[in-house]
Structures are given as C-alpha cells and as structure tokens.
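Chemist:
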Amino acid sequence: MTSAAHPVASDITATKTPRQRTGPSRAVPPKAGPREPARRARRIPGFVWALPPVAVLALVFLYPLALVVQQSVSPDEGGTSIAPYGDVFASESFRSALTTTVWLAVGSTAGCLVLGFVLAMIIAFVPFPGGRAVAKFIDVFLSFPSFLITLALLFIYGNVGMANGVWTDITGAADGPFDFLTTPWGVLLAEITYFTPFVMRPLLAAFSQLDSAQLEVASSLGAKPARIVRQVILPEALPALAAGGSLVLVMCLNEFGIVLFTGAKGVTTLPMLVYSKAILESDYPAACVVAVVNIAISVGLYSLYRMVSRRVGA
Amino acid sequence: MTGGERSVRSGIRFDQVSVVYGQNTVLDRLDLTVEPGEVMALLGPSGSGKTTALRAVAGFVQPASGRVHLGDRDVTGLPPHKRGIGMVVQQYALFPHMRVQDNVAFGLKARKVAKAEIPERVAEALEMVGMAAYAKRYPRELSGGQQQRVAIARALAIRPGVLLLDEPLSALDAQLRSGMLAELARLHRELPDVSILYVTHDQVEALTLADRIAVMDKARLQDCGTPQDLYRRPRTEFTASFVGNANLLPVTVTEGADSVDFAGRALDVPTGDVTRGATATLCVRPHLVGLGDGPNALSGTIAEVQWRGSTHRLYVDIDGHRVKADLKELRETPALGDRVTLHFAAEDAVLLPAGAAPGTGGGADD
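Just so you know, the protein sequences line up as chains P and G, in that order.
Counting in my numbering, the first sequence runs from -4 upward without gaps.
Counting in my numbering, the second sequence runs from 1062 upward without gaps.
(1) 8 Å is my cut-off, CB to CB: does residue 236 of chain P come that close to chain G?
(2) Report yes or no: do the stretch 1300 to 1308 of chain G and the stretch 1262 to 1279 of chain G share at least 3 C-beta pairs separated by less than 8 Å?
(3) Return the residue from the list G/1201, G/1162 and G/1173 that minimises the CA-CA distance to residue 1184 of chain G.
(4) Would you say residue 1380 of chain G and residue 1324 of chain G are within 8 Å of each other, going by their C-beta atoms?
(5) Quick check: the stretch 1225 to 1236 of chain G against the stretch 1186 to 1197 of chain G, are at least 3 beta-carbon pairs closer than 8 Å?
(6) At which residues does the alpha helix (DSSP H) containing residue 1234 of chain G begin and terminate?
(7) Using DSSP with H/G/I as helix, E/B as strand and the rest coil, what is residue 106 of chain P?
(8) Just to confirm the assignment: which complete alpha helix (DSSP H) runs, minimum length 4, are found wholly within the stretch 1088 to 1138 of chain G?
(9) Between residue 216 of chain P and chain G, is the shortest Cβ-Cβ distance under 8 Å, so that the two count as touching?
(10) Can you give me, in chain order, the residues of the stretch 1103 to 1131 of chain G that have a beta carbon less than 8 Å from any beta carbon in chain P?
(11) Using the Cβ count rule (16 or more neighbours within 10 Å means buried), how would you classify residue 1180 of chain G?
(12) When you check each C-beta in the stretch 1130 to 1159 of chain G against every C-beta of chain P, which residues fall closer than 9 Å?
(13) Who are the neighbours of residue 1243 of chain G on chain P, taking C-beta pairs under 7 Å?
(14) Within the 8 Å Cβ cut-off, does residue 16 of chain P reach chain G?
(15) I'd like the ranges of any alpha helix (DSSP H) spanning at least 4 consecutive residues and lying wholly in the stretch 1183 to 1238 of chain G.
(16) Which of the three DSSP states is assigned to residue 218 of chain P in this structure?
(17) At a Cβ cut of 7 Å, what residues of the stretch 1158 to 1184 of chain G count as close to chain P, listed as they run along the chain?
(18) Got a sec: is the Cβ-Cβ distance from residue 1274 of chain G to anything in chain P below 8 Å?
(19) Residue 1313 of chain G: which of G/1329, G/1300 and G/1299 sits nearest, CA to CA?
(20) Considering only residues of the same chain and omitting the five flanking positions on each side of residue 11 of chain P, which have a CB-CB separation below 8 Å?
(21) What distance in whole Å lies between the Cβ atoms of residue 1341 of chain G and residue 1413 of chain G, which are believed to be in contact at a cut-off of 8 Å?
(22) Grab me the residues of residue 1095 of chain G's own chain with a C-beta within less than 7 Å of its C-beta, minus the 5 sequence neighbours each way, in chain order.
(23) By DSSP, does residue 69 of chain P sit in helix, in strand, or in coil?
(24) For the beta strand (DSSP E) containing residue 85 of chain P, name the first residue and the last one.
(25) Along the stretch 194 to 211 of chain P, what residues have a CB closer than 7 Å to any CB found in chain G?
(26) Once DSSP output is grouped into helix, strand and coil, what is the label at residue 89 of chain P?
(27) The ligand ATP heavy atoms versus the CB of residue 1345 of chain G: any closer than 7 Å?
(28) Buried or exposed for residue 257 of chain P, going by 16 or more other Cβ atoms inside 10 Å?
(29) Excluding the 5 residues preceding and the 5 following residue 117 of chain P in the sequence, name in chain order all residues of the same chain whose CB lies nearer than 7 Å to its CB.
(30) Taking CB distances under 8 Å as the criterion, tell me whether residue 1379 of chain G reaches chain P.
(31) Find the nearest neighbour of residue 1411 of chain G within the set G/1382, G/1387 and G/1334, judged by alpha-carbon distance.
(32) Just the C-alpha distance for residue 1088 of chain G and residue 1075 of chain G, rounded to the nearest angstrom, thanks.
(33) Along the chain, where does the alpha helix (DSSP H) that runs through residue 326 of chain P open and close?
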C-alpha cells in the first residue's frame, strides 16, 4: 500500500497509528491491487474487511467530490473544458474573494498566535486560583460551533448590542460607536476569538512538558522575565505554535459560519463565493471551480501542517 | 557592574527564616550562617525543609518571616535575577534548544557582560569542568554526567559568590556520583571564595564534601557541626541515626561513676554531664561494635546476617532491642538464632540525654 494517489492519503499512510490504518486502504485500493497481485492473494481477509468502509466512503465522500471536480470542467454550453477556470480566475469577484480570504486567514492566524501564546503562558506559568478550570474550559471551548461566538459578539457589539446600549443610555445618542461587526474587522475579531483556543491547546501541552527548573535557573542566572520568555519559553513553544498556527490557518480559510453570521456584506471569502454562486446565482461550474481552488489550498496547507507537526513531533 | 560580576566573598545568613504554605510550616525559624568560602551541606530526609531553605536563598520562595542575607546584603525581598547566585539542580535543567556554549553564555548575556568577554568566560567555565571539547554539542547529545558538568559550568560562568546545589548528583548512577563528588571537591579548592550550599539526603555526599553539615528534620534545624563532630559526637538521636545510622539504646544513668544500666546490665560509658538517675540514649556506631567477649559485653541472638562484600552486617536481638554490628568479613558466618556476644569500647559510646531530640529516629536503615 505504498502508492500515493492523493496528497492527504499519502500523508496519512506515513503515520502508522492503528486508528488511521483504514485511511490508505479506503483511498487507494484500485491502484494498489494490480501492482501486487501475489501479495494481494495472501492478504485477502484484510482486504475484504476494508471493502465496506471503502465503498461507503467512496459513495458518500469521494463520489460527490469527483462530481464537484467534474462539474467544474463542464461549462453550461456543454462538453468538457477548462474554460470555467479561465472565466472565474479572470473575474474581479474571485480575485477579491481570494485576497479577502487569504488576508483574513493570515490576519486571524497571526492574532490567534499572539493572543494564544500570551494566554497560554499566563495559564501555564502564573499560578492563579481557577487556572486549572480555565485550562479545562479551553478544551470545552474547542467543541463549540463557530457561529455561537459570532452570535455572542452580536449581543455585545451588534448595532443593538450591550456595548452600544450602554453607550446610548449614558450619552443619549441615537447610535452607539461600535459598528465594526459587519466589516472585515468584525470577522477578524470573531475568528480570533473562536480560533485562539486551537492555538492554546498544543501550547499548553508544550508548556506542561517544559521543566520549570529551567525557568528558575534562568532567573537565578540573572535573566529578567522578558528574556526568559524570549530565549527559553518561546524557542520551546515554536513547534506547538507552528502546529497550532497552521491548523488555524486552514480552518480560517474554510470558515463559513462566522462570515455568514456577522452579516458583513462586503466580506466575501471563497466559501461565501461558492455559496453565492451555487445557491444565489445557480452558476454551478463557477461555484465548483471556486470550491476546487478552496480544496486545493486547504489540502496543500493541511499537508504542510502534517509535515510540520510530524517534523517537530507535536 | 552587576552584583556577583566579580567573585565577592559573600556567605549566606538565615535569620529566623520561616516558610509557610497554607497551614503547613515547611521551614521553621531557621538560623544558620554559611561562612564565605564554606561548603555547607543541608542534610535531611525528604520533607525536612532543606530544599525550601535553598529556594529561599535563591528567591523562589518568599519567607513568611525572617530575613535572608547574602554577605551584607539583605536579599529577602529581591527577585531571583537580582541575587547573583549560581544554581545547579538535580535534573540539570539545561536549555535544550541551545548548544552547550550558549547554555553557559546565557547568564553572561543576561547580566550584560561585555560581548567581547563572553567567549573567553565560556571557554574558561567549560575548561573548569572538563567540557571544553563539547562546546558545540546540544544537551541531548550528552550523557547525564556531562549534562551536569555543563550545568555546573553555566552556574560558575557568572562568577557567583554563592553556589546553590540542589541534589546535584541524585540523578547520576553510583559510579558517576563518586567521580562527580571528587570533581566538586576539586572545584571548591579552585574557587576558595565561593560559598556552597549543598542540599542532599545522602550522608556520604555530605560527609565527603562539606565543611559543616546542617542536619534538618521536620522543618527544623536539628544539629549543625563539622562532619567529624556530628559523626563522633552527635547531639541528637536524629543526627545519630540519620548520619551513620547509629545504634540507639535506652539506658538509665546509675549512681556510680560513668556507668549506665541497659536492661539490667551495667555498662561502662562516660556519662559526662548527664544527671545521675536520668534516662538517656546510648549511641554506638555499628562499625565500632565488636564480636566476642570484651568490655561492655552484650549477648543476644542473631536475627539477620547480611553479607556486604568487605563486611558482614549482623542484626542481634538483645532483650528486645536490635543492635547492628558491622564487622570485617567473617570467616565463619553465624547462623540465624545463634547466641553471640557483642562488645564496644567505652570511649566509642556517646550518651545523649533524654529529650535531646525534637525529632527522634527515622533514619534510613542501611
């Protein structure tokens, strides 16, 4: 089972954890088969067991994915051509969506890394009552749906939210000053709020491995806290930052719920573009082209993430 | 120039230092002075407060009361990075992402030593511990003993007036440990001005290396003196049993001169200033007990025999009291249950007045 059909599949093959062993067999059996007829005969029991999940997976996941790819090369005029790609790539809406998506994702990731690093450091190294509870809550937070955060932000900073309410009550003005939620900054705030725990999780794990004697020795050698953070903690947190950061980057690129819920009109990201092309304009080839681009970016970044996290052993 | 840049003769003084965690007093009014250039071992079982005392010097715990002085500076309220102390811990705590030379240079950079001077100082410190050839290695490429040498070089590079060693040899295997012990003794001879506070639970390390030993138990200082003094003339039962694992026998001082009563037997020992008629504890080192008849003979039955290569350790029950005797390897080993007679010389015994020990017994039985 060594042939690599798919970047993700080959990536999973390399990590031999029992849970992931079904990965390669479900993704590549047709190719692996003819290459090793002798071995396949001996391995019949294993192969047979792999068939049902492969079939289900192919039916519910790979087939629709293939349909999307196929649709992206089937223009409305009929036939097969890559013309839809040319059209989409040339369009202003796609270019601006791509730019918006990338800068939002990069900006959110940078924000998450900074905020996550600071928060994780406080939780890990500054003893305060309830610190453990906060660390536990981070885990729970990871299970929240993303739109929940946006909804909560609407309650606080929305046009009729609490912050504006307090302002109008105090000043008697008709409108509050907080009107950023429907701008890209609102999306950025929501994404940073939601995704920061995804950076903190690996960081907290890394910090728990850090020998606190190192920090003590460093300070006895004359290092002030800032130097200890910069030269002792940060270098040892880099692998975790890389792993958490690339995960958040991928998730931000694909984020749909947050963008939709903020109701930011001018903020069109790639997933939003797919949505509007397919559902609002019924332009399926174009929607599928954008989707394929989105998938390609995600899978590419995911492979990068796996490579980074495997290299650093996180 | 920052403090500790030059080797100043500083010494350590604990002045009624108490450390409290919640309801728990982990260090109780410690009074102790480490002279400049002296090696003081803090010896005690785990939980005795010895590590807490060291951490109070380093500044990692804040005393609930009392003051800590380094030389003539009161450092009680100072953060660790302003104290100018070298510290070596059990698990080395080298910075894993830095090469050996950068580990050693860390303190010099933190203390803003002139850039041009740093390579020279690093080389000098590594030379001192015999690790100059490993300057470019990463800690993970070194053995435990080598890592501990680098940790010592890192602490010495800043030329501290005070060096704190927290169980520095506990993570090493026995053979490496005795080598490192000799190494530390040599380092101390080369750096006669550095005061060393050496925390250990191992009496051999303390006896070998220390100028004086402070024996700690139950958050308190039990005894303090030179190794010979503590070993030959322990002042408390705890010291007697923890340092050298002495035999402790309950006796009553009889009216006659220099004589005590042990379970109906009269023994000749110097009673010193212990009151006549009072109960006391007789302390005799196992290696000073002889087999066969002699002065102060005691007979009993063999309860256990251990062969230890060059010696035999006999456990003899005498009227319900177990006496340990370390004897040069015996040609004929007595069997369990045999009747034997032990004896000891009067001048090898120490009489401890009853109540001399706030914490009694509890020494590791080895």
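Even for Gly, the Cβ is constructed at its ideal location relative to N, Cα and C.
Quantities reported herein were computed from a predicted structural model and do not represent experimental measurements.
Modeler: In short, the structure shows the following:
(1) no
(2) Yes, the stretch 1300 to 1308 of chain G is in contact with the stretch 1262 to 1279 of chain G.
(3) Among G/1201, G/1162 and G/1173, the Cα nearest to that of residue 1184 of chain G is on G/1162.
(4) Taking 8 Å as the Cβ cut-off, residue 1380 of chain G and residue 1324 of chain G qualify as a contacting pair.
(5) They do not touch, by the three-pair rule.
(6) Premise fails: residue 1234 of chain G is in no alpha helix (DSSP H) and is neither H nor E.
(7) helix
(8) 1111 to 1119
(9) yes
(10) 1119, 1120 and 1121
(11) exposed
(12) 1140, 1141, 1142, 1143, 1144, 1145, 1146, 1147, 1148, 1149, 1150, 1151, 1152, 1153, 1154, 1155, 1156, 1157, 1158 and 1159
(13) Within 7 Å Cβ-Cβ: nothing; residue 1243 of chain G doesn't reach chain P, min ~24 Å.
(14) Only weak support is given to the placement of residue 16 of chain P: the predicted model assigns it a pLDDT of 44, under 50, and the question is left unresolved by the model.
(15) 1205 to 1218
(16) coil
(17) 1158, 1167, 1168, 1171 and 1172
(18) no
(19) G/1329
(20) Because the pLDDT at residue 11 of chain P is just 42, under 50, the model does not fix this residue reliably, and the value given afterwards should be weighed accordingly. So no residue of the chain qualifies.
(21) 6 Å
(22) 1072, 1073, 1101, 1256 and 1258
(23) coil
(24) Element bounds for residue 85 of chain P: not the beta strand (DSSP E) but the alpha helix (DSSP H), 78 to 85.
(25) 206, 208, 209 and 211
(26) In the displayed model, residue 89 of chain P falls within a helix according to three-state DSSP.
(27) Of ligands this structure carries none, so the ligand ATP is not represented either.
(28) Buried, because 16 or more other Cβ atoms sit within 10 Å of the Cβ of residue 257 of chain P.
(29) none
(30) no
(31) G/1334
(32) 11 Å
(33) Any question about residue 326 of chain P goes unanswered here, given that chain P covers just -4 to 309.
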